[in-house]
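K.L.:
According to this note's numbering, the sequence shown is numbered sequentially starting from 5. Cβ atoms here follow ideal geometry from the backbone N, Cα and C, with glycine treated the same way.
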Amino acid sequence: MANRLRGEIAAILSGQEYKLCLTLGALAELENSFAEKDINALIARFATGRFSSSDLIRILGAGLRGAGNRVTDDQVATLQAQGGAAGMAKIAIELLTVTFGKENVAGDVVETSPAPIPRQERDADLELAGAEHKHP
């Protein structure tokens, strides 16, 4: 059973349940494969919410290996998930979210931006701020 507090998730791939985890070693692997200089650059890359098929293979492969599965990226490329490519993306986003927190990962599974402030409320705040700066 996957322990989300340790950054683990469970996923069904090609009909078999796997555990995935982005350990420090797996994150170092991703830094190298994406040619990012550090973990902050890696987080910024994932925060865009844009993933190629190759990105998904690398992320899922690193997660599988981080959880102790002996699998190559070529083998990961042949795995299937319910929902097809979208299902694979959902698994990758869940793994990244468990690892980095939902505020650092974009995608349809997580909310990444605050709701906009309604115009009337924003204008009222600006008027109030302007009145506070006027001296009698």
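1) Could you tell me whether the Cβ atoms of Leu-46 and Phe-55 are closer together than 8 Å?
2) Assess, as a yes-or-no matter, whether the segment 5–13 is touched by the segment 81–89 under the definition of 3 or more beta carbon pairs within less than 8 Å.
3) Anyone know if the C-beta pair for Gly-29 and Gly-65 falls short of 8 Å?
4) Using 10 angstroms around the beta-carbon of Ala-93, count the other beta-carbons present and answer buried if the total reaches 16, otherwise exposed.
5) For Glu-136, collect the residues of the same chain with a Cβ closer than 6 Å to its Cβ; drop the 5 residues on either side in sequence, then sort them by chain order.
6) Three-state secondary structure (DSSP) at Ala-15?
7) Name the DSSP bridge partner or partners of Leu-24?
8) Which residue's Cα is closest to the Cα of Leu-99: Gly-19, Thr-76, Thr-27, Arg-74?
9) I need the DSSP call for Asn-36, collapsed to helix, strand or coil.
10) Quick one: grab the DSSP three-state call for Gly-105.
11) If you draw a straight line from the C-alpha of Glu-33 to the C-alpha of Lys-106, how long is it?
P.N.:
A quick look at the data gives this:
1) Indexing the sequence shown from 1 puts residue 46 at position 42. Indexing the sequence shown from 1 puts residue 55 at position 51. Their beta carbons are not under 8 Å apart, which means Leu-46 does not touch Phe-55 by this criterion.
2) no
3) For the purposes of this step, residue 29 is identified with residue 25 of the sequence shown, where counting begins at 1. For the purposes of this step, residue 65 is identified with residue 61 of the sequence shown, where counting begins at 1. Contact flag unset, no.
4) To locate residue 93, count along the sequence shown from 1; it is residue 89. Ala-93 comes out buried.
5) Numbered from its first residue, the sequence shown carries residue 136 at position 132. Below a pLDDT of 50, predicted positions are generally treated as unreliable, and Glu-136, at 48, falls in that range; the measurement from the model is reported next regardless. Within the same chain, Glu-136 has no close Cβ partners at all.
6) Position 11 of the sequence shown, counted from the start, is the residue given in the question as residue 15. Note: Ala-15 maps to strand in three-state DSSP.
7) Mapped onto the sequence shown, residue 24 falls at position 20. Looking at the DSSP assignment, Leu-24 forms a beta bridge with Ile-13.
8) Counting from one through the sequence shown, the residue named residue 99 turns up at place 95. Closest by alpha carbon: Thr-27.
9) Position 32 of the sequence shown holds residue 36. Of the three classes helix, strand and coil, the one that applies to Asn-36 here is helix, per DSSP.
10) For this step, residue 105 is matched to residue 101 along the sequence shown. Gly-105: coil per DSSP, three-state reduction.
11) For the purposes of this step, residue 33 is identified with residue 29 of the sequence shown, where counting begins at 1. For the purposes of this step, residue 106 is identified with residue 102 of the sequence shown, where counting begins at 1. Roughly 22 Å between the two C-alpha positions.
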